[in-house]
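S.K.: Before I ask anything, let me first share the structure, which is written out below as structure tokens.
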Amino acid sequence: MTGAAPAPALPDGATTGRHLLILGGTGEAAALARGALARFGDSVAVTTALAVRPRNPGPIAGEVRIGGFGGAAGLADYVINHRVDRLIDATHPFAATISRAARLAAEGTGVPRLVLRRPPWRRHPLDRWIEVDSLAAAALLVGRVGQRAWLTIGAGPLAAFAPATGVRFVVRLIDPPRQQLPLRYCQVVLGRGPFSVAEERHLLRRYAIDVVVSRASGGAATEAKLIAARELGLPVIMVRRPPPEPGPAVETVEAALDWLAGPGGLPQATRMS
Ligand SMILES: NC(=O)c1ccc[n+]([C@@H]2O[C@H](COP(=O)([O-])OP(=O)(O)OC[C@H]3O[C@@H](n4cnc5c(N)ncnc54)[C@H](OP(=O)(O)O)[C@@H]3O)[C@@H](O)[C@H]2O)c1
Numbered sequence: 119m120t121g122a123a124p125a126p127a128l129p130d131g132a133t134t135g136r137h138l139l140i141l142g143g144t145g146e147a148a149a150l151a152r153g154a155l156a157r158f159g160d161s162v163a164v165t166t167a168l169a170v171r172p173r174n175p176g177p178i179a180g181e182v183r184i185g186g187f188g189g190a191a192g193l194a195d196y197v198i199n200h201r202v203d204r205l206i207d208a209t210h211p212f213a214a215t216i217s218r219a220a221r222l223a224a225e226g227t228g229v230p231r232l233v234l235r236r237p238p239w240r241r242h243p244l245d246r247w248i249e250v251d252s253l254a255a256a257a258l259l260v261g262r263v264g265q266r267a268w269l270t271i272g273a274g275p276l277a278a279f280a281p282a283t284g285v286r287f288v289v290r291l292i293d294p295p296r297q298q299l300p301l302r303y304c305q306v307v308l309g310r311g312p313f314s315v316a317e318e319r320h321l322l323r324r325y326a327i328d329v330v331v332s333r334a335s336g337g338a339a340t341e342a343k344l345i346a347a348r349e350l351g352l353p354v355i356m357v358r359r360p361p362p363e364p365g366p367a368v369e370t371v372e373a374a375l376d377w378l379a380g381p382g383g384l385p386q387a388t389r390m391s
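In this text, residue positions in the sequence shown follow my numbering: the first is 119, and each later residue adds one.
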């Protein structure tokens, strides 16, 4: 697992040996990179790892590393070779594979690891949620609940809904799809959050949606569709999160920064008065 790197390397521009690796792909990860550099200044080098290069990348402070590590062993090699001394898994709540790899790599190398995961949405008494454990279960159910489904799970996992051939899907994506979507009847709506309740209400009405399918991602940017569905009395098939990896976890960027500053942690940036 250790690999034999000739020379441990910090990211370009690193001035000290403190190296924070953030597993990213979320708004929280970007905010954490920004916050860590603001709070700890030159005493930390921050690298954010992304699975793929985003098509419309927002700014990410510090270094950015694109591409998988090659499983837990590859991530452990990276941690050792790049002298990572803090690892924060700030990936999406449904990105279970990389989170597991992060736990295993941390256990294998001894690097302190924290999970930063946004809190799940709270169910309102008027919500008509039907909670299921998987996209496959949602796909089995959707045709029994409605005929026109609003689907906002990104392009990657859409294939799970291919068997639901009796349903017309309206799929919201951030970017135009790179290939034909694997759904028999579907219409694509492009949009990047945050969305307002008024916008969501308008879209649900405009496309005559009678069921919403959502993953329990949490986060303010995409919560409006649930409020709009509640207001319109629409059922929501809500896919529960995969079980979290064991270990220390926080729900906010501020709490993650406090963890970094905790015992044996990073020194605060010195400020000139
Ligand atoms: N799942 C979602 O709905 C969703 C939504 C928004 C953003 N994202 C972000 O998109 C990324 C991929 O999501 P996913 O559901 O495909 O994850 P996943 O199933 O857990 O990961 C698949 C593979 O992608 C690589 N990978 C994932 N996240 C990485 C990261 N931050 N840095 C470097 N490599 C990473 C790893 O490859 P190796 O095994 O080769 O290391 C991993 O085994 C995640 O980072 C996540 O934060 C996901």
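Even glycine gets a Cβ: it sits at the ideal position worked out from N, Cα and C.
Which value, in whole angstroms, describes the spacing of the CA atoms of residue 272 and residue 291?
M.R.: Cα to Cα, the separation comes out at about 6 Å.
S.K.: On the DSSP letters alone, give me the boundaries of the alpha helix (DSSP H) that residue 195 sits inside.
M.R.: Counting along the chain, the alpha helix (DSSP H) containing residue 195 begins and ends at 189-199.
S.K.: What is the rounded straight-line gap between the Cα of residue 176 and the Cα of residue 287?
M.R.: When rounded, the distance between both Cα atoms is 29 Å.
S.K.: For a test of your reading of the model: does the CB of residue 336 fall under 8 Å from any non-hydrogen atom of ligand 1? Yes or no.
M.R.: False, no ligand heavy atom lies under 8 Å from that Cβ.
S.K.: How close, in whole Å, do the beta carbons of residue 150 and residue 371 come, if the pair is a contact with beta carbons under 8 Å?
M.R.: About 5 Å separates the two Cβ atoms, so the contact holds.
S.K.: Just curious, the beta strand (DSSP E) that residue 247 is in, first and last residue?
M.R.: Segment 246-250, the beta strand (DSSP E) holding residue 247.
S.K.: Assuming residue 329 contacts residue 260 under a Cβ cut-off of 8 Å, what Cβ separation, rounded to an integer in Å, is found between them?
M.R.: Contact holds; Cβ gap of about 6 Å.
S.K.: Compare the C-beta of residue 368 with all C-beta atoms of chain D and state if any pair is closer than 9 Å.
M.R.: No chain D is present in this structure, which holds just one protein chain.
S.K.: Would you list, in sequence order, the uninterrupted beta strand (DSSP E) runs of no fewer than 3 residues that lie entirely inside the segment 333-383?
M.R.: The segment 333-383 contains these whole beta strand (DSSP E) runs: 353-357.
S.K.: Is any non-hydrogen atom of ligand 1 found closer than 8 Å to the C-beta of residue 235, if you look at the structure I gave you?
M.R.: The answer is no for residue 235.
S.K.: Would you mind working out which of 136, 140, 188, 144 sits nearest residue 340, comparing C-alpha positions?
M.R.: Answer by Cα proximity: 144.
S.K.: In the DSSP output, which residue or residues are listed as bridge partners for residue 204?
M.R.: Answer by DSSP bridge pairing, in chain order: 138.
S.K.: Taking all protein chains shown into account, do 16 or more other C-beta atoms lie within 10 angstroms of the C-beta of residue 229, making it buried, or fewer, making it exposed?
M.R.: Label assigned to residue 229: buried.
S.K.: Check whether the segment 185-195 and the segment 220-229 are in contact - that is, three or more C-beta pairs closer than 8 Å.
M.R.: A contact exists between the segment 185-195 and the segment 220-229.
S.K.: Which residues in the same chain as residue 313 place their Cβ atom closer than 8 Å to its Cβ, once the five residues preceding and following it in sequence are excluded?
M.R.: Taken in chain order, the residues that qualify are 339, 340, 342, 343.
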